[in-house]
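*Asks:*
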Amino acid sequence: MSRKKLIMGIVALFTALMLAACGGKEETAPDDKTEINEESQQSEEESDSMGETGHSGMDHSSSGEVPENLTVAEEPTYTVGSEAVMHANHMEGMDGAVATIEGAYETTVYAVTYTPTTGGEKVENHKWVIHEEIKNAEEQPYEQGAEVELNADHMEGMNGATAKVDSVEDTTVYMVSYTDTETDEKVKNHKWVTEDELSPVE
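Count the sequence shown with the numbering used here and you get residues 136 to 337, in order.
This is how it looks when you write it as structure tokens:
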């Protein structure tokens, strides 16, 4: 009789141990899955934030240096030191910001599409590159569809990249300083804004 109880006790103990082991697996499995899901979600969020704008690598501020052969505008609509409201969305926090005019120049501006020399996705319809920022530029403006080599560093991987001209416009371009409407970051000497993208401060 005691032997039967002993066997039953061993079986019960073995069963309890098996159930405890299974229970432990059931408890840890969801945690593992949750951790994997959180990592995947974080990775997706990082990818989304990088893909929100083709100008994620944009250098907002600059030293203010311009090409030596760039023509200063004699009678620009917006004079140096004056203010104007921007109506451009090259980057977030730009549209609607009040800009201070740092420089005004007469030139040809291009919207261009190019693949960064550092790799990554193609940047489409980048605004703006001026004629004087094209390497070995011809005297006459380039036509839509022309291929050019960029000599500008507004964005990482831009300098030296081969670009296709998407649009061409002869106009006054402005170098401006402003406060980002979303981050309150001070942006100094941003290149470039066209005259059509500005309006008087009311």
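Note that the Cβ used here is the ideal one computed from N, Cα and C, for glycine as well.
Every value quoted in this text rests on a predicted model; they were computed, and no experiment measured them.
Beta-carbon separation of residue 300 and residue 327 under 8 angstroms?
*Replies:* In the sequence shown, the residue the question calls residue 300 occupies position 165. In the sequence shown, the residue the question calls residue 327 occupies position 192. Not closer than 8 angstroms, so no.
*Asks:* Quick one: measure Cβ to Cβ for residue 289 and residue 310, integer angstroms, because I've assumed they're closer than 8 angstroms.
*Replies:* Numbered from its first residue, the sequence shown carries residue 289 at position 154. Numbered from its first residue, the sequence shown carries residue 310 at position 175. Not a contact, Cβ separation roughly 12 angstroms.
*Asks:* Would you mind reading off the limits of the beta strand (DSSP E) that contains residue 314?
*Replies:* Counting from one through the sequence shown, the residue named residue 314 turns up at place 179. That run of the beta strand (DSSP E) goes 297 to 314.
*Asks:* For residue 322, which beta-bridge partners are listed by DSSP?
*Replies:* As a first step, residue 322 is located in the sequence shown; it is residue number 187 there, counting from the start. Residue 322 is bridged to 313.
*Asks:* Using the DSSP secondary-structure output, state which residues sit across from residue 285 in a beta bridge.
*Replies:* Numbered from its first residue, the sequence shown carries residue 285 at position 150. According to DSSP, which records beta bridges pairwise, residue 285 is partnered with 269.
*Asks:* Mapping DSSP to helix, strand and coil, what is residue 237?
*Replies:* As a working note, residue 237 is residue 102 in the sequence shown. In the structure shown, residue 237 sits in a strand (DSSP, three-state: E or B).
*Asks:* With H, G and I counted as helix, E and B as strand and the rest as coil, what does DSSP make of residue 328?
*Replies:* Reading the sequence shown from its first residue, position 193 is the one you call residue 328. Strand.
*Asks:* Below 8 angstroms on the Cβ atoms is my guess for residue 249 versus residue 287; work out the distance and round it to an integer in Å.
*Replies:* On the sequence shown, position 114 is the one that residue 249 refers to. On the sequence shown, position 152 is the one that residue 287 refers to. No, residue 249 and residue 287 are not in contact; Cβ-Cβ is about 10 angstroms, not under 8 angstroms.
*Asks:* Have a look at residue 323 and residue 225 and give me their C-alpha separation to the nearest angstrom.
*Replies:* Here residue 323 refers to the residue found at position 188 of the sequence shown. Here residue 225 refers to the residue found at position 90 of the sequence shown. Near 15 angstroms, if we compare the C-alpha coordinates of residue 225 and residue 323.
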